[in-house]
Amino acid sequence: MDEIRLSEYGRSSVVPSPVNRMMTDFASDFRDGVDINLGVGYVNEETIPVDAIRQALAEVLRQPQTYRQPLNYGGSAGTSNLIASIRRYLLEAGIGLTEELLSPRRIIIGPNGATSLLESMACVLPVGIVVTSDPMYYIYTDLLERRGFGLLAIPEDDDGIRTDVLEEQLRDLGPRAADVQAFYVVTVNNPSCAILSDARRRELIRIAWDLSQRLGRKVPVILDRAYEDLVHDPAVARPVSGLAYDPAGVVFEIGTLSKVLAPGLRIGYLVGSDGPFLQALIQRTSDAGFSAAVVTQEISSWLLDHRIRAQLENVRAGYREKAMAVRGWLNEYLADDLACIRGGQAGFYFYLTFRTIETHEGSPFFRYLTRTTGAEIVDGPSGDRKPRVMYIPGEFCVHPRGSLADTGRRQLRLSYGYEGLDALHSAIRLMKEAADYAQTVR
925 MDEIRLSEYG
935 RSSVVPSPVN
945 RMMTDFASDF
955 RDGVDINLGV
965 GYVNEETIPV
975 DAIRQALAEV
985 LRQPQTYRQP
995 LNYGGSAGTS
1005 NLIASIRRYL
1015 LEAGIGLTEE
1025 LLSPRRIIIG
1035 PNGATSLLES
1045 MACVLPVGIV
1055 VTSDPMYYIY
1065 TDLLERRGFG
1075 LLAIPEDDDG
1085 IRTDVLEEQL
1095 RDLGPRAADV
1105 QAFYVVTVNN
1115 PSCAILSDAR
1125 RRELIRIAWD
1135 LSQRLGRKVP
1145 VILDRAYEDL
1155 VHDPAVARPV
1165 SGLAYDPAGV
1175 VFEIGTLSKV
1185 LAPGLRIGYL
1195 VGSDGPFLQA
1205 LIQRTSDAGF
1215 SAAVVTQEIS
1225 SWLLDHRIRA
1235 QLENVRAGYR
1245 EKAMAVRGWL
1255 NEYLADDLAC
1265 IRGGQAGFYF
1275 YLTFRTIETH
1285 EGSPFFRYLT
1295 RTTGAEIVDG
1305 PSGDRKPRVM
1315 YIPGEFCVHP
1325 RGSLADTGRR
1335 QLRLSYGYEG
1345 LDALHSAIRL
1355 MKEAADYAQT
1365 VR
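Whatever position you read off the sequence shown (first residue = 1), add 924 for our numbering.
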């Protein structure tokens, strides 16, 4: 008998993505206190406001006149309390938003964090080309490709996506430019944490509007602001919202409370002009089982109204301390091996480019850190492996047919969000050992 029939998307999803497979294999026998996880982008547990969340839950349950039916089903666009709280939060954030800019736009809440809104976009947009930066947010771009989309991956520099290269690439597409369905850019890039400058942001929106006018239809610019609240370097100004550069209504900004409050609350939101695109996203949320659980929306609303300033200070200070320490250790141990270090000013990633050492899954560097060299002196005895270090290889983050494909084999993303300082220090010392080992076996 044949197996259950699958759609094209279903067939492409049978084989797990490289990162899914690698992290699942690693997590299956991960040893707390021994192995070090620099791969999964978990947040800093020490900055999750546990006591405030406990108080928020009590207040939500104590005030049914304000927080109506918090343990029941909710709607598909989000609770009015949370939407109002997010609106106030954005107006007070110092990112160039005013009542005049926000009043004609809607805020909606996704079913399960910001990623669920991105998944919804992949459902409601027609299959075609999505413009993005390279290196890419590999989780979402992998989904897009499984959905049948093609990617126009544009290299970045310290100011974000190269808009000059983007204009060249769009010209090179010729008639195929009509297949471009959206621009998608993570404004503090994951994996590199390069911060999209205000000038590049403005140029990106202009290019999308020029393309929209040529095609006779709006091409949405989806700006993923997941890490913008975590600009923790005091020398870096808060980026201005893309909505401030958007008189034509093509910009849609995705935000999340996962990085500043708690991922477990599962709050992702979208801000943009009303219309068929946004209405389709709301229906998609309804189809997925309504927006995030009402109780977590109302907890989040209370926290935004009563605790967010102190919480932001605490979160940013926590990541700043880690970023400075990790940067120091990278310079101390790996300076001679590295060609480029990006990150450390916002979010909680560093993106490393080695001069000659390869970092992909089959490389000696990777096998040393995962203790899979086959040499007991490196790996440790069977059943008692030495400490392992997991990272995201750059080969997963760059477009396989793009200009960075070869460079990606010498890159990696390091997350300093979850592990403590002692573990981070140990991990970078082990990376130096791995780099030395890789030099001897090449």
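From the three backbone atoms N, C-alpha and C, an ideal C-beta is built for every residue, glycine too.
Runs of beta strand (DSSP E) lying entirely within the region 1024-1068, each at least 3 residues, in chain order:
1029-1033, 1053-1058
Assess, as a yes-or-no matter, whether the region 1272-1290 is touched by the region 1166-1173 under the definition of 3 or more beta carbon pairs within less than 8 Å.
no
Restricting to Cα atoms, I'd like to know which of 1315, 1305, 1030 is closest to residue 1195.
1030
Are residue 1053 and residue 1221 touching if we call contact CB-CB under 8 Å?
no
Mind checking whether residue 968 and residue 1342 have CB atoms under 8 Å apart?
yes
Tell me which residues share the same chain as residue 1162 and place their Cβ nearer than 8 Å to its Cβ, disregarding the 5 neighbours each side in the sequence.
1017, 1018, 1019, 1152, 1155
What residues in its chain sit with their C-beta under 6 Å from that of residue 1108, if we drop five residues either side in the sequence?
1054, 1056, 1146
Cutting at 6 Å between CB atoms, please list the residues of its own chain near residue 1044, excluding the five before and the five after it.
1205, 1208
If you drop the 5 nearest sequence neighbours on each side, which residues of the same chain put their C-beta closer than 7 Å to that of residue 1242?
968, 970, 971
What did DSSP end up calling residue 929 once you bin it into helix, strand or coil?
coil
Just the C-alpha distance for residue 1064 and residue 1211, rounded to the nearest angstrom, thanks.
20 Å
Rank 1178, 1285, 1340 by C-alpha distance to the C-alpha of residue 1273 and give the top, closest one.
1340
Mapping the DSSP letters down to three states, classify residue 1209 as helix, strand or coil.
helix
Cβ of residue 1262 within 8 Å of any chain D Cβ:
Absence of chain D from the displayed structure is noted, only one protein chain being present.
Quick check on the burial criterion: 16 or more other C-beta atoms within 10 angstroms. Buried or exposed for residue 1047?
exposed
Applying the criterion that 16 or more other CB atoms from any shown protein chain within 10 Å of the CB defines a buried residue, is residue 987 buried or exposed?
exposed
Taking only three categories from DSSP, how would you classify residue 936?
helix
Could you pull the start and end residues of the alpha helix (DSSP H) that residue 1363 belongs to?
1345-1365
Bridge partners of residue 1179, per DSSP?
1193
Could you check what DSSP says for residue 1203 in three-state terms: helix, strand or coil?
helix
Determine the closest residue to residue 1260 out of 954, 1249, 1355, with distance taken between C-alpha atoms.
1355
Buried versus exposed call for residue 1318 [16 or more other C-beta atoms within 10 Å across all chains shown]:
buried
Boundaries (first-last residue) of the beta strand (DSSP E) holding residue 1273
1273-1278
Would you call residue 928 buried or exposed, if buried means 16 or more other Cβ atoms sit within 10 Å of its Cβ?
exposed
Just reading off the beta strand (DSSP E) that residue 1300 is part of, what are its end residues?
Taken as a continuous stretch (DSSP letters only), residue 1300 belongs to no beta strand (DSSP E), being part of the alpha helix (DSSP H) at 1300-1303.
Straight-line gap, residue 996 to residue 1190 (C-alpha atoms, nearest Å)
17 Å
Got a sec, what are the start and stop residues for the beta strand (DSSP E) residue 1339 sits in?
1335-1339
CB contact flag (residue 1007, residue 1228, <8 Å):
no
For residue 1089, I'd like the list of residues in its chain whose CB is within less than 8 Å of its CB, leaving aside the five on either flank, ordered along the chain.
1078, 1079
Less than 8 Å separating the beta-carbons of residue 998 and residue 1182?
no
Which same chain residues end up closer than 8 Å to residue 933 when comparing Cβ atoms and leaving out the 5 residues on each side of it in sequence?
1070, 1071, 1072
Who are the near neighbours of residue 1114 in its chain, counting only those whose CB is closer than 6 Å to its CB and skipping five residues on each side?
1061
With 16 as the cutoff for other CB atoms within 10 Å, does residue 948 come out buried or exposed?
exposed
Helix, strand or coil: how does DSSP classify residue 1108 here?
strand
Name the residue from 1097, 1102, 1179 whose alpha carbon lies nearest to the alpha carbon of residue 1166.
1179
Enumerate in chain order the residues of its own chain whose CB-to-CB distance from residue 1320 is below 6 Å, with the five nearest sequence positions on each side excluded.
942, 943, 1062
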